[in-house]
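The structure appears right after this line, and notes come after that.
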Amino acid sequence: MAIKKIFLNKRNKGFSLSELLIVLTIAGLLIIWLLTNLNPQALIGKGKDSRRKADLKKIQIALEDYYSDHDCYPTSLPDCGSPFLPGQVPYYLNPLPCDPDGKDYYYVPGPGNCPRSYQIYVNLNNLNDPEIEKIGCSEGCGPAGVAAFNYGVSSSNVALEPYAGSLPTGTTAPALPSPTSVPTFAPTATIVPPSPTIVPTTPPSGQYYGCVNFVCQPIPGPICAPNYEDINCLGIDCSNDAFKCREP
5 MAIKKIFLNK RNKGFSLSEL LIVLTIAGLL IIWLLTNLNP QALIGKGKDS
55 RRKADLKKIQ IALEDYYSDH DCYPTSLPDC GSPFLPGQVP YYLNPLPCDP
105 DGKDYYYVPG PGNCPRSYQI YVNLNNLNDP EIEKIGCSEG CGPAGVAAFN
155 YGVSSSNVAL EPYAGSLPTG TTAPALPSPT SVPTFAPTAT IVPPSPTIVP
205 TTPPSGQYYG CVNFVCQPIP GPICAPNYED INCLGIDCSN DAFKCREP
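Count the sequence shown with my numbering and you get residues 5 to 252, in order.
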């Protein structure tokens, strides 16, 4: 009887090799299924998009508070991560949020020294986000001469500006220029309908530029698209194949 108990105790200790292999196989299959069906990259992208929308809401609130105090919107915003606005008391928003990828949100004020409107643009990772179509940015939005964005917000008296071209996959916004110092506002300025424009670097007359071999360089006329009359190709990322200058 004692010999039988010893034998049973030995059999009950731990798992056999075959049992461990079965457990590891099942765990591996579960991991593969999760990676295939949940798409971690898409989930990360949606998380970033949620933060972008929340950031734009915060900036909108700060802009409206600023407008209430100055009867104007600011003509520029500081670099993200800085107080909004430097030298102003209160700051309204501190710090100014950065895009989850570390970039500035693209701020377009209305015309003049006392803007009465604004637009803010950004690109969402999830191109199937229903809000893109809802706000009219399915084919891209953004001021003339700037790479297309697919999402944005604006003051209540102006709409987002539809972009003339189509929105390429993987479009990224160009880097914002360094903000200037906070201007002195003139609340009595005449209200002018908004028509924000961004002035590109002017090349020689008739000279065209495009992304060729992943570099912005001169091309002999508008022989491919997209092409630009700007020596810097409007600051787009030519390393992105989506912006390659292709012949029709």
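Think of the CB as a built atom: it goes at the ideal place given N, C-alpha and C, for glycine as much as any other residue.
- Note on Gln123: 16 or more other CB atoms within 10 angstroms of its CB, so buried under the neighbour-count rule.
- One Cα belongs to Gly214, the other to Cys237, and the distance between them is close to 6 Å.
- A direct Cα-to-Cα measurement between Pro166 and Ile63 gives close to 22 Å.
- Along the stretch 115-148, the beta strand (DSSP E) occurs as fully enclosed runs of 3 or more residues at 122-126, listed in sequence order.
- In the structure shown, Lys107 falls within a coil segment according to DSSP collapsed to helix, strand and coil.
- Taken in chain order, the whole alpha helix (DSSP H) runs of length 4 or more contained in the stretch 38-77 are 44-74.
- Of the residues assessed, Thr29 falls on the exposed side of the cut-off, its CB having fewer than 16 other CB atoms within 10 angstroms.
- The shortest CA-to-CA distance from Asn98 to any of Phe88, Lys107, Gly106 and Asp105 is the one to Phe88.
- 8 Å or more divides the Cβ of Tyr125 from the Cβ of Gly149.
- Residue environment for Ile26: exposed (fewer than 16 other C-beta atoms within 10 angstroms of its C-beta).
- Using a Cβ-Cβ distance cut-off of 8 Å, the stretch 131-140 and the stretch 114-123 are not in contact, since fewer than three pairs of beta carbons, one from each stretch, lie closer than that value.
- For the pair Ser86 and Arg56, the Cα-to-Cα distance works out to about 17 Å.
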